[in-house]
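A short write-up of the structure that comes next.
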Amino acid sequence: MIRTFRLWCTALALLALAGVWFPATAGPTAEVAADPVPRVQLRKAVQLLGVMSAHGTGFERSAFGRWADADFDGCDTRAEVLRAEAVGPVRVDEGCVIASGQWYSWYDDRPVTGDPARRLVVEHVVPLEEAWASGAYTWDAAKREAYANDLAAQATLTAVTAETHREKAGRDPAGWLPPYEASRCAYITDWVLTKLRWGLTVDFLEAVKLTEVAQGCPNVPVTLRSR
């Protein structure tokens, strides 16, 4: 099943109303941790992000480990995401290899049918390189691997076309947004929720862009999920 919150946000974005924006306040505070599942409006969530300069050196993909099989069902994180986001029947071969199926790439509004290995990439909404630069460089190996395999929050991982994944690379919203404009509100929502969930910061230009995009999005309540 497609992750319904993303589709809901995408639909709402078509009817978005501009709202009043207030100056940013301090970074993440006890407000996030006070309630196990606190809910705030999207623009307030943007304000909760801590603003710091990015740490631009030392990133290596290997620092985040590999796709894991956290529940020991034989399917790794990539396979779990492909199964969760399929919009039609999925053929699963031995070893939980996703051999074929139907998906919807919400970054670029494109259906994908057939072998996902050729056309789809399971990516981190907040790329690993970006996570590293915004705080993960201070984490131990276990926490970085947990981030890379975070299936507990729908905002962290998604399946998109290989083309949009390559175009995005490791850029934050100041440098890249989904080409399908109706998906941008859902995208920045996932971005903000992931950064808050993992205590990651934003740089100045990133904060400006998130603020700008959020102004044009429905100011809906979002759930801040702790780890």
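What the sequence shown shows, in mature numbering (1 follows the signal peptide of the UniProt record, and there is no 0), is residues -26 to -1, 1 to 201, in sequence order. Positions of the beta carbon are idealized from the N, C-alpha and C atoms, including for glycine.
- The shortest C-alpha to C-alpha distance from Arg92 to any of Val55, Ala136, Trp77, Arg84 is the one to Ala136.
- Counting only residues of its own chain and dropping the five nearest sequence neighbours on each side, Asp83 has a CB closer than 6 angstroms to the CB of Tyr154.
- Contact between Val96 and Lys169 does not hold, since the beta-carbon distance rounds to 19 angstroms and is not under 8 angstroms.
- Fully enclosed alpha helix (DSSP H) runs of no fewer than 4 residues occupy 136 to 142 of the region 120 to 169, in order along the chain.
- Residue pairing of Ser36 in beta bridges, as defined by DSSP: absent, with no partner found.
- Secondary structure of Tyr111 (DSSP, three-state): helix.
- Per DSSP, reduced to three states, the secondary structure at Leu94 is strand.
- Sequence-distant Cβ neighbours of Thr138 in its own chain, meaning closer than 8 angstroms and more than five residues away, are Ser79, Tyr81, Asp82, Pro152, Pro153.
- If the five residues before and after Ala73 are omitted, its C-beta is found closer than 6 angstroms to the C-beta atoms of Arg65, Asp67, all from its own chain and listed in chain order.
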